[in-house]
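For reference, the structure is listed below as structure tokens.
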Amino acid sequence: MQRSITFVIGLAFILSGSVLHAQTQFSIRAASDEAVPGWERMEFDNHPVWVSPTVSLTAADIARAQQRTDQDGRTFIGVVFTEPGAKKMRDLSAAQMNKLIAMVLDGKVIFAPKIRSQINTDAVITGSGPNGLSAAAAQQILASLNQK
Numbered sequence: 021m022q023r024s025i026t027f028v029i030g031l032a033f034i035l036s037g038s039v040l041h042a043q044t045q046f047s048i049r050a051a052s053d054e055a056v057p058g059w060e061r062m063e064f065d066n067h068p069v070w071v072s073p074t075v076s077l078t079a080a081d082i083a084r085a086q087q088r089t090d091q092d093g094r095t096f097i098g099v100v101f102t103e104p105g106a107k108k109m110r111d112l113s114a115a116q117m118n119k120l121i122a123m124v125l126d127g128k129v130i131f132a133p134k135i136r137s138q139i140n141t142d143a144v145i146t147g148s149g150p151n152g153l154s155a156a157a158a159q160q161i162l163a164s165l166n167q168k
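Per the working numbering, the sequence shown runs over residues 21 to 168.
Quick look at the structure:
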């Protein structure tokens, strides 16, 4: 009896780990188009991007996310940050002014914009293609942001 209880508990633990691993992971981090010691080299649009190992924001820092389409038919995700998330984004955008930030989904850079002004309470994830985000990318991002 003891052995079967241990087995069931062990199996539940393994399965819960598999489910957690299957969930998508979204983060926003400082990035650079030049090598930075200790930062991870990743690819975005066939160019190298070095991404900080420090996660600045996660899906938990986003209060709302919605897929939208602009007047030219390009798909984007509009996000509104939580109050703590807005402070983190203000700090990150100030620190990365005229530098890159990376939006990382499941270990891959999905967008790496250059920060031109301070970001406060909301932002958009547009992607880099001529049509904005692909439908699949938009759905993957939304799924990640909404699984808090």
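Glycine included, C-beta positions come from ideal geometry on N, C-alpha and C.
Output the boundary residues of the alpha helix (DSSP H) element that contains residue i.
i, result
"Pro104", "103-115"
"Leu165", "155-165"
Can you say whether residue i is buried or exposed, counting buried as having 16 or more other CB atoms within 10 angstroms of its CB?
i, result
"His41", "Note that His41 scores 41 on pLDDT, short of 50, meaning its location in the model is unreliable and no value can be drawn from it."
"Met117", "exposed"
"Asp228", "Since the first residue of the chain shown is 21 and the last is 168, residue 228 is not available in this structure."
"Gly58", "exposed"
"Ala156", "exposed"
"Val147", "The sequence shown places Gly at residue 147, not Val. The residue in question, Gly147, is buried, as its Cβ has 16 or more Cβ neighbours within 10 Å."
"Ile34", "Note that Ile34 scores 36 on pLDDT, short of 50, meaning its location in the model is unreliable and no value can be drawn from it."
"Ala55", "exposed"
"Asp81", "buried"
Which whole-angstrom value describes the C-beta separation of residue i and residue j, a residue pair presumed to lie in contact below a C-beta threshold of 8 Å?
i, j, result
"Ser47", "Thr78", "5 Å"
"Ala106", "Thr141", "5 Å"
"Ala50", "Ala115", "7 Å"
"Arg110", "Gln91", "Going by Cβ atoms, the distance from Arg110 to Gln91 rounds to 28 Å, so no, they are not a contact pair."
"Leu162", "Gln87", "6 Å"
Name the one or two DSSP bridge partners that residue i has.
i, result
"Pro68", "Glu63"
"Lys128", "Leu125"
"Ala177", "The question about residue 177 has no answer, for the chain in this structure spans 21 to 168."
"Ile97", "Gln87, Ile145"
"Ile139", "Note: Ile139 sits in no beta bridge, so no partner."
"Gly58", "For Gly58, which the question treats as bridged, DSSP gives no partner whatsoever."
Return the first residue and the last residue of the beta strand (DSSP E) that residue i is part of.
i, result
"Thr89", "82-89"
"Val144", "142-145"
- Query: For the 8 Å Cβ check, are there 3 or more pairs between the region 86-105 and the region 145-161?
  - Reply: Three or more Cβ pairs closer than 8 Å define a contact, and the region 86-105 meets that threshold against the region 145-161.
- Message: Can you confirm whether the region 116-135 touches the region 64-73 when touching is taken to mean that 3 or more C-beta pairs between the two stretches lie within less than 8 Å?
- Response: These segments touch.
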